[in-house]
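One structure is given here, and the rest of the page talks about it.
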Amino acid sequence: MSGNDALEVRRTFGVLEGCDEAESELCREFAETLVRRASAVICGAKPVALYSWCVRDAREMWPESVLEAKLGELFEVYRAALRDHGLEIEPLHFSRSRVMTMAYRPRLVEDVLSDPRNRAFLARSGYCVDGAEGLVRSMRLRLLAFYQTREKDACTCSKAAAHGFPASSEQGFPHEMGLLFGYPLEDVRGFISGGKATCRGAWISYGDVAKSRRRFEALSRIERECRGRYRAGATLGALLESA
348 MSGNDALEVR RTFGVLEGCD EAESELCREF AETLVRRASA VICGAKPVAL
398 YSWCVRDARE MWPESVLEAK LGELFEVYRA ALRDHGLEIE PLHFSRSRVM
448 TMAYRPRLVE DVLSDPRNRA FLARSGYCVD GAEGLVRSMR LRLLAFYQTR
498 EKDACTCSKA AAHGFPASSE QGFPHEMGLL FGYPLEDVRG FISGGKATCR
548 GAWISYGDVA KSRRRFEALS RIERECRGRY RAGATLGALL ESA
């Protein structure tokens with residue numbers, strides 16, 4: 348697998364330069380999932396996207412040990428290619444044919460930290476706020492702990508159920524990092540405290556309804572346009588160039 352043609356991937360194409368047919372298909376699946384689940388990050392409309400990439404079909408192409416090596420190579424290639432466009436990509440956890448993945452723009456993470464209220468909230472929640480790199484690192488560690496605990500609890504629950512015992516409770520998701528997903532601080536606080544929601548869209552809002560709906564519509568429009576361009580044949584590189 349080569350990075351020479353990594354960003355030339357599109358919805359329909361032949362074999363990428365430096366890849367065989369199976370590797371090209373893996374790249375296509377990676378790009379399609381990135382566009383579908385992180386289009387707002389691609390377009391610079393929000394700092395971070397967290398999503399699950401299903402690689403079930405790829406498991407039919409290679410044994411698991413080979414697939415893990417292929418995925419490692421793919422992320423290495425795309426990490427370098429996307430970084431040139433100000434976008435970072437990180438695999439967080441691999442389990443049961445799924446790769447939990449985080450895409451983010453460091454510049455937009457810095458913008459979140461530039462607001463003293465956001466910085467104070469994240470610091471009180473135990474995150475490193477010394478810059479985008481430190482914040483993302485602490486975010487990754489907390490997410491990794493969450494996914495590992497969830498996987499362990501799932502195994503424990505399965506064994507407990509088999510013996511007629513009640514299931515254990517799952518450690519909660521770190522919702523404070525909704526700030527990095529582009530949610531306003533007011534809405535993050537409202538969700539965590541169990542406040543009364545005012546409206547729902549890309550997230551649950553606890554503030555001004557009209558203002559929230561404008562945000563939802565603006566974000567939805569950006570995402571629709573990005574996904575529509577990809578479906579129409581634009582390459583991943585072309586989407587990044589116009590961000």
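Numbered according to the numbering used here, the sequence shown terminates at residue 590, and the numbering increases by one at each position without gaps.
Note that beta-carbon positions come from the ideal geometry of N, C-alpha and C, so glycine has one too.
Small disclaimer: the values here were computed from a predicted structure and weren't measured.
In the structure shown, what three-state DSSP assignment does residue i receive?
| i | result |
| --- | --- |
| S399 | strand |
| R357 | coil |
| V382 | helix |
| E435 | strand |
| M449 | strand |
| C591 | With the chain covering 348 to 590 only, the question about residue 591 has no answer from this structure. |
| C546 | strand |
| Y577 | helix |
| F520 | coil |
| S540 | helix |
| S442 | strand |
| S552 | strand |
Please classify residue i as buried or exposed, where buried requires at least 16 other C-beta atoms within 10 Å of its C-beta.
| i | result |
| --- | --- |
| R562 | buried |
| P531 | buried |
| L421 | buried |
| G525 | buried |
| E523 | buried |
| S589 | exposed |
| R452 | buried |
| L491 | exposed |
| A353 | buried |
| V556 | exposed |
| H510 | The pLDDT assigned to H510 is 38, lower than 50, so where the model puts this residue is not dependable, and the model offers no usable value. |
If the criterion is Cβ atoms closer than 8 Å, does the pair residue i and residue j meet it?
| i | j | result |
| --- | --- | --- |
| A385 | L566 | no |
| M408 | A450 | no |
| F528 | V395 | yes |
| C573 | L586 | yes |
| A581 | R375 | no |
| Y425 | F377 | yes |
| R445 | S399 | yes |
| R560 | G548 | yes |
| L429 | E435 | yes |
| R471 | E437 | no |
I'd like the list of long-range same chain contacts for residue i, defined as Cβ closer than 7 Å, with 5 residues on each side in sequence excluded.
| i | result |
| --- | --- |
| S505 | Confidence in S505 is poor, its pLDDT being 45 and thus under 50, which makes the residue's placement too unreliable to answer from. |
| E533 | Y553, G554 |
| G542 | Y553 |
| I539 | H522, E523 |
| P355 | Contrary to the premise, residue 355 reads as Glu rather than Pro in this sequence. Same-chain partners within the cutoff: L363, T582, G584. |
Return the chain-ordered list of same chain residues with a C-beta closer than 6 Å to the C-beta of residue i, the five sequence neighbours on each side being excluded.
| i | result |
| --- | --- |
| F512 | Because the pLDDT of F512 is 35, which lies under 50, any placement of that residue in the model is unreliable, and the number read from its coordinates should be weighed accordingly. None. |
| L397 | M449 |
| P521 | R489 |
| S412 | none |
Could you pull out every residue in the same chain whose Cβ sits closer than 8 Å to the Cβ of residue i, ignoring the five residues on either side in sequence?
| i | result |
| --- | --- |
| V456 | P394, V395, A479, L482, V483, L527 |
| I569 | S386, A387, C390, A392 |
| S442 | Y494, E498 |
| R454 | G433, A479 |
| G575 | none |
| L460 | R466, L469, V476, G478, A479, L482 |
| D458 | P394 |
Below 8 Å on the Cβ atoms is my guess for residue i versus residue j; work out the distance and round it to an integer in Å.
| i | j | result |
| --- | --- | --- |
| H440 | Y494 | 4 Å |
| Y577 | V362 | So it is not a contact: roughly 19 Å between Cβ atoms. |
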